[in-house]
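J.: Throughout, the numbering used here is defined as the position within the sequence shown, counted from one, plus 726. The C-beta atom is built at its ideal place from N, Cα and C for all residues, glycine as well. I am attaching a structure below and will ask some questions about it afterwards.
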Amino acid sequence: MKSGVFWGYIGLVEGLVARIKTEFGQPMTVLATGGLAPLFTQGTEVIDHLDPDLTQRGLLEVYRRNKQKG
Numbered sequence: 727m728k729s730g731v732f733w734g735y736i737g738l739v740e741g742l743v744a745r746i747k748t749e750f751g752q753p754m755t756v757l758a759t760g761g762l763a764p765l766f767t768q769g770t771e772v773i774d775h776l777d778p779d780l781t782q783r784g785l786l787e788v789y790r791r792n793k794q795k796g
């Protein structure tokens with residue numbers, strides 16, 4: 727079951743990346759972020775960069791900027 731979830735998600739990521747690249751018709755960089763990103767990055771070659779904490783750092787930056795304004 728775990729293997730099916732893992733490979734199913736890898737297939738979803740690869741399919742989504744392929745469709746987006748086809749739609750835009752130009753090279754692009756694929757960035758994986760989030761707590762499980764390191765796990766899934768190991769299972770595919772479509773991910774160019776890994777930054778597991780990008781979302782959290784972005785939210786912290788939004789918080790800091792809003793705090794300075796108010």
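1. For the alpha helix (DSSP H) that Thr-781 lies in, which residues bound it at each end?
2. Compute the distance between the beta-carbons of Thr-770 and Val-739, then report whether it is under 8 Å.
3. Of the residues Leu-776, Met-727, Val-743, which one's Cα is nearest the Cα of Met-754?
4. Near Pro-778, which residues of its chain fall below 7 Å by C-beta distance, leaving aside the five closest residues on each side in sequence?
5. Please list the terminal residues of the continuous alpha helix (DSSP H) segment that includes Val-731.
T.: Result, derived from the coordinates:
1. For the purposes of this step, residue 781 is identified with residue 55 of the sequence shown, where counting begins at 1. Thr-781 -> alpha helix (DSSP H) spans 780-795.
2. Residue mapping note: residue 770 aligns to position 44 of the sequence shown, counting from 1. Residue mapping note: residue 739 aligns to position 13 of the sequence shown, counting from 1. Yes, these two residues count as a Cβ contact at 8 Å.
3. Within the sequence shown, residue 754 is the residue found at index 28, counting from 1. Nearest option by C-alpha distance: Val-743.
4. Here residue 778 is taken as the residue at index 52 of the sequence shown, counted from 1. For Pro-778, where only same-chain residues beyond five positions count, the Cβ hits under 7 Å are Thr-759, Gly-760, Gly-761, Ala-763, Pro-764.
5. Taking the sequence shown and counting its residues from 1, the one referred to as residue 731 is at position 5. Note, Val-731: alpha helix (DSSP H), 728-750.
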